[in-house]
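Under full-length UniProt numbering, the first residue of the sequence shown carries the number 1, and numbering increases by one thereafter.
Glycine included, each C-beta is placed from N, C-alpha and C at the ideal position.
Keep in mind the model is a prediction, meaning the values are calculated, not measured.
As C-alpha cells, the structure follows; a few thoughts come after it.
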Amino acid sequence: MTSLQDAKAPANEVVLEAIGLTKHFPVRRRLRDLFSSSEKKAVHAVDDVHLTLRRGKVVALVGESGSGKSTVARLLAQLYPRTDGDIQLHGESTRVKGGSAFRGYAARVQMIFQDPFASLNPVHTIRYHLTRALQIHGHAGRTEADLEAALTDLLGRVSLTPPERYLDKFPHELSGGQRQRVAIARALGARPEALLADEPVSMLDVSIRLGVLNLLRDLKERLNLAILYITHDIASARYFADETMVMYAGRMVEGGDSETVTQTPAHPYTRLLIASAPDPDRLTGDLDPTEEDRGNGEPPSLIDPPSGCRFHPRCPAAMPRCSTDLPVPLTIGDAPGHWAACWLYDVPEGAGK
Ligand SMILES: Nc1ncnc2c1ncn2[C@@H]1O[C@H](COP(=O)(O)OP(=O)(O)OP(=O)(O)O)[C@@H](O)[C@H]1O
Ligand SMILES: [Mg+2]
C-alpha cells in the first residue's frame, strides 16, 4: 500500500486502540527480601488505560512527569510487553515480539522520541538514516534514481529543501529542529498509519516548537495520519490536538475534545495542571490559593499507589469515599465525549451539578 492510497482511507477510521492497557514493572528484590515472605513489588506505571487513535486526528496525552505517558507510547509501539489489556490494530488484537512481526507492526505504527539527537546515530549521515528506513520497509525502489526520488520526497515532506543541503550532513551539523524533522522523515519512510510522538518538541527551542507542531499537523492532514501527541504542556494540547486525555499516576482521569477539556476542565487534577500552565489566555480557575497549595504536593509512589482515587492525597476537593473507591469515568456536561473519573460528578439523576 502506498502512502497516497493510505491518504484516501476514510478519516475517523479507528487505527489503534488501547483497551484496559496495563503495565506493571517488577521491582528487583534485594537479597535479604528474597528470604522474607513479602509480596513481589511492582511499579504500577499504567493501569487500565483506554485510548483510541483515529485517522486524521491527534490525541494528546497530558500529565506530569512519571504519570506513565511514555510507558503508554512504548506499549502501543510494542516496545514492551504489556501486563494486561489489549492493543488492537484495526480491530485486531496484536501482540508482537521482535523479528518480522515487529517490523510489520512498525511499518504501520511509528514512534518519534523527545530527543532527536539521541535517536539519530551520530556516525551516520541523513542519507544513511533515511535510506535504511526506506529499505527496511521496502520503499527504496529498484534503482538509484528511485531511491533518490524517495529521499527527496521524504525531505520535502518535512520541509527540508533543497534535499542536497541535508542528505550528506551528519546529525550534529543540523539544528535541533532540523534533526527532529529528519526523525519525522525517517518515521514517514515506513509509510505509517499512526505516529506516536513522545514529547516531540519539548527539547526544542521555544521559537521553533510551533513550526514542528505545524509540520505534524500538516502531515496529519495530508497523509491522514493518526497521531498520539504526548506532552507536559496542556496549552499545546489545546492548540494542536483534537482530543485531550489527562493522565495521573498511571491512570486516565479526564478526556474529551481539547477545547472542552482545556476550557472547562472537570477533574481537580486537570484544573491544577491548567492553573500551573504558563498559558497567557488560560482561564482563571476557580481553585482558591489555599486549595492550590494543597494540590502542589508530590506525585505518589507507584509501587504502592494511593487507594481509591490516586489523586486524593493531593486533591483540594477530596471526600471520604475518594480514598476508598476507585472512581469510574463519568459523563460531564453537554459536550459529547467529555468524561472525568471523579466522584465529584457522581450526582443522583435530577440533583443538578
Ligand atoms: N523500564 C522501566 N522499569 C521500571 N520502571 C519504569 C520503567 N519505565 C518507566 N518506569 C516507571 O514507570 C513510571 C512511569 O514512567 P513514564 O516514563 O511512563 O512516565 P512519563 O509520564 O513519560 O514521565 P516524563 O514526563 O518524565 O517523561 C515511573 O514511575 C517510572 O519510574
Ligand atoms: Mg516520558
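Taking residue i as the reference, give the member of the options with the closest Cα.
i, options, result
"Cys309", "Tyr166, Asp198, Arg132 and Ala340", "Ala340"
"Leu326", "Ile19, Leu344 and His124", "Leu344"
"Ala197", "Pro320, His90, Arg222 and Ile112", "Ile112"
"Val62", "Arg55, Glu254, Leu75 and Phe311", "Glu254"
"Glu259", "Gly66, Phe240, Leu195 and Ala249", "Phe240"
"Ser307", "Gly333, Arg251, Ser276 and Pro268", "Arg251"
"Asp50", "Ala101, Ile184, Ala149 and Gly85", "Looking at the sequence shown, residue 50 is not Asp but His. Ranking Ala101, Ile184, Ala149 and Gly85 by Cα distance to His50 puts Gly85 first."
"Asp304", "His24, Val261 and Asn12", "His24"
"Arg314", "Gly91, Ile136 and Pro268", "Pro268"
"Ala42", "Asp48, Arg54 and Arg29", "Arg29"
"Asp257", "Tyr105, Leu213, Pro336 and Asp205", "Pro336"
"Val14", "Ala317, Thr143, Ala194 and Pro299", "Ala194"
"Ser175", "Ser207, Ile19, Asp146 and Ala187", "Ser207"
"Ser159", "Ala145, Phe170, Gly177 and Thr143", "Gly177"
"Ile332", "Ala190, Val182 and Ala266", "Ala266"
"Asp47", "Thr22, Lys69 and Leu53", "Thr22"
"Ile234", "Ala277, Pro299 and Asp218", "Ala277"
"Gly74", "Ala101, Arg165 and Ala106", "In the sequence as displayed, the identity of residue 74 is Arg instead of Gly. It is Ala106."
"Ser323", "Cys342, Tyr128 and Leu330", "Cys342"
"Pro116", "Pro26, Arg181, Gly211 and Leu302", "Arg181"
"Arg238", "Thr262, Leu215, Val246 and Thr131", "Thr262"
"Leu134", "Pro122, Ser119, His232 and Leu155", "Leu155"
"His172", "Pro122, His90, His44 and Pro320", "Pro122"
"Ala18", "Asn12, Pro300, His44 and Thr94", "Thr94"
"Glu199", "Ser236, Ala275 and Ala149", "Ser236"
"Pro81", "His90, Leu213 and Phe102", "Phe102"
"Leu330", "Val347, Ile87, Ala185 and Leu215", "Val347"
"Asn12", "Leu223, Met319 and Tyr128", "Leu223"
"Ala149", "Leu213, Ile136, Arg127 and Ile274", "Arg127"
"His338", "Glu298, His129, Ala318 and Thr270", "Thr270"
"Thr83", "Met319, Arg209, Asp153 and Gly20", "Gly20"
"Ile274", "Val246, Asp153 and Arg209", "Val246"
"Ala183", "Asp334, Arg321, His129 and Thr143", "His129"
"Pro316", "Leu272, Pro300, Val328 and Pro299", "Leu272"
"His137", "Ser100, His90 and Lys169", "Ser100"
With DSSP as the reference, please indicate the residues paired to residue i in a beta bridge.
i, result
"Lys23", "Val46"
"Tyr229", "Ala60 and Ala197"
"Ile136", "In the DSSP output, where bridge partners are listed per residue, Ile136 has none listed."
"Gly255", "Met245 and Trp339"
"Val14", "Arg54"
"Leu330", "Ala340"
"Met111", "Leu196"
Give the C-beta separation of residue i and residue j to the nearest angstrom, bearing in mind that I take them to be a contact with Cβ-Cβ under 8 Å.
i, j, result
"Ala60", "Thr244", "5 Å"
"Pro192", "Val72", "Between Val72 and Pro192 the Cβ distance is about 17 Å, and since that is not below 8 Å, they are no contact."
"Gly56", "Glu221", "7 Å"
"Ser67", "Tyr248", "6 Å"
"Val96", "Gln78", "4 Å"
"Leu53", "Ala187", "About 15 Å separates the two Cβ atoms, so there is no contact after all."
"His139", "Gly189", "6 Å"
"Leu147", "Thr131", "7 Å"
"Pro163", "Leu151", "6 Å"
"Arg165", "Leu120", "Going by Cβ atoms, the distance from Arg165 to Leu120 rounds to 17 Å, so no, they are not a contact pair."
"Val58", "Asp242", "5 Å"
"His312", "Glu64", "The pair is not a contact, with the Cβ atoms about 16 Å apart (cut-off 8 Å)."
"Leu76", "Leu16", "6 Å"
"Arg157", "Ala185", "6 Å"
"Leu302", "Ala45", "6 Å"
"Leu219", "Val212", "Incorrect: roughly 11 Å between the Cβ atoms, too far for contact."
Does the CB of residue i have a neighbour CB from chain B at under 8 Å?
i, result
"Pro81", "In summary, chain B is missing from the structure at hand, where a single protein chain is found."
For this session: Report the residue ranges of all beta strand (DSSP E) runs contained in full by the region 58-109; include only those spanning at least 3 residues, in chain order.
Result: Entirely contained in the region 58-109, the beta strand (DSSP E) runs reaching 3 residues are, in chain order, 58-62 and 84-89.
Exercise. When a residue counts only if its C-beta is closer than 5 Å to some heavy atom of ligand 1, which residues count, in chain order?
Worked result: Qualifying residues come out as Phe25, Val43, Ala45, Ser65, Gly66, Ser67, Gly68, Lys69, Ser70, Thr71 and Leu302.
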